[in-house]
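Peer 1: Dropping a structure here in structure tokens format, bear with me for questions.
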Amino acid sequence: MAEQLSFFDLKVKPIEKVTNVASVPQRSPFRYPGGKTWLIPVIRRWLKQESRISELVEPFAGGGIVALTAAFEQLADHITMIELDEEVAAVWQIILSDKNEWLANKISTFILSPQNIELELNNPNKALQDIAFCTILKNRIFHGGILAKGSGLIKNGENGKGISSRWYAKTLRDRILAISTVRSRIKFLNHDAFDYIENNIDRADCFYFIDPPYTVAGRRLYTHFEVDHEELFRKVSRLKSKFMLTYDDTEEIKQLAIKYHLQFKTIPMKTTHHLKKKEIIISDNFDWWQ
Ligand SMILES: C[S@@+](CC[C@H](N)C(=O)[O-])C[C@H]1O[C@@H](n2cnc3c(N)ncnc32)[C@H](O)[C@@H]1O
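The sequence shown lines up with residues 0 to 289 when you count with numbering that gives the first Met the number 0.
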């Protein structure tokens, strides 16, 4: 039977405080729906359960905050990021290549006007670096950073600044150039997470941070939202490596954890709209939790 403990059950130093995300260094050029910046203090603790980790694998990488934090803070020797979305993948492929300066400069010199936005987004012949630029552009000017079909431009934004309210060109440039200083330790694959996990299921030497699209909100937020959750649980239960799997706190997910004999805990968080909710953390062990 899976051990079901809430944070109230823990004896020593329970993780019960909601993280102030402003205290976590923002390293990603994305503002990512479902991003895990708020979980970083817990992830640091999880990764420090071993003095040296040879590889951290992030199969649903998205905005990659976990991978980037591990790279900058040297929490693992090597980091592998996997993401299926081709637009998101283009950003990582360019940032981790010699074209990173091109992207950084393109962002810092771009004049954000409706005409220029239209020209960029409607360009029919996009090379990979153009796709990367347009992805960052859409992520910054679309409501909630949502890239999925049906997403629209920010209307009022911060202080009524509309489309420019999240276009921090210099910050984005600096983040991209900073990532290039750690890129030799990061490998990116535009692959399916399920295939990757299956092909590496017997490896015992890595740590998996697994953050799939959630059961409820995923459809609205991501182009690739359809995930066979039960199949993911089945695969995770066969992993020989250490893992952390995160989910929204639903009955369906708790039942899957119980069915596959996986331990879990709940953790409070605040959404971007300052609503308090709980998420589920599933892991092979919780010795690191306290
Ligand atoms: C919850 S988001 C990850 C957010 C990320 N942890 C962060 O902090 O930015 C889930 C991601 O999984 C990607 N995805 C969905 N299906 C996938 C699959 N089969 N293989 C790889 N990535 C997939 C989505 O495109 C999305 O970027």
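Ideal Cβ positions, reconstructed from N, Cα and C, are used throughout, including at glycine. A quick note: this is a predicted structure, and the numbers were derived from the prediction, not measured.
Assess, as a yes-or-no matter, whether the region 71-84 is touched by the region 38-52 under the definition of 3 or more beta carbon pairs within less than 8 Å.
Peer 2: At 8 Å Cβ cutoff, the stretches touch.
Peer 1: Helix, strand or coil for SER5? Go by DSSP, reduced to three states.
Peer 2: Because the pLDDT of SER5 is 47, which lies under 50, any placement of that residue in the model is unreliable, and the number read from its coordinates should be weighed accordingly. Coil at SER5, not helix or strand.
Peer 1: Quick one, which of LYS264, SER53, GLU117 has its alpha-carbon nearest PHE285's?
Peer 2: Measuring from the Cα of PHE285, the nearest candidate turns out to be LYS264.
Peer 1: Any chance the region 119-134 sits against the region 101-109, with 3 or more Cβ pairs inside 8 Å?
Peer 2: Counting Cβ pairs under 8 Å, three or more are found: they touch.
Peer 1: Pop quiz: GLN92 and PHE29 are said to be a contact at Cβ under 8 Å. What is the actual Cβ separation, rounded to whole angstroms?
Peer 2: That belief does not hold up - the Cβ atoms of GLN92 and PHE29 are roughly 14 Å apart, past 8 Å.
Peer 1: In the DSSP assignment, find the beta strand (DSSP E) that holds HIS190 and state where it starts and stops.
Peer 2: Per DSSP, HIS190 belongs to no beta strand (DSSP E) and is neither H nor E.
Peer 1: Give me the DSSP bridge partner(s) of VAL56.
Peer 2: Partner(s): THR79, TYR207.
Peer 1: Pick out whichever of TYR207, GLU230, THR249 has its Cα sitting closest to the Cα of ALA60.
Peer 2: Measuring from the Cα of ALA60, the nearest candidate turns out to be TYR207.
Peer 1: Going by CA-CA distance only, name the one from GLU229, SER236, TYR221, ILE280 that's closest to VAL87.
Peer 2: Checking every option, the nearest Cα to that of VAL87 belongs to TYR221.
Peer 1: DSSP has ASP247 in a bridge; who is on the other side?
Peer 2: Its beta-bridge partners are GLU278.
Peer 1: Helix, strand or coil: which one does DSSP assign to GLN289?
Peer 2: Here GLN289 sits in coil by DSSP.
Peer 1: Tell me which residues share the same chain as GLU251 and place their Cβ nearer than 8 Å to its Cβ, disregarding the 5 neighbours each side in the sequence.
Peer 2: Hits under 8 Å: THR214, HIS228.
Peer 1: Where does THR108 fall in DSSP's three states?
Peer 2: Of the three classes helix, strand and coil, the one that applies to THR108 here is helix, per DSSP.
Peer 1: Can you tell me which of the three DSSP states LEU120 falls into?
Peer 2: Three-state DSSP puts LEU120 in a helix.
Peer 1: Which term fits GLU100, buried or exposed, when burial requires 16 or more other beta carbons within 10 angstroms of its beta carbon?
Peer 2: So GLU100 ends up on the exposed side.
Peer 1: Grouping DSSP H, G and I as helix and E and B as strand, with all else coil, what is LYS186?
Peer 2: Reduced to three states, the DSSP call for LYS186 is strand.
Peer 1: Where does LEU40 sit, in a helix, a strand or coil, going by DSSP?
Peer 2: Looking at the sequence itself, residue 40 is Pro, so the reference to Leu does not match. DSSP places PRO40 in helix when its eight states are reduced to three.
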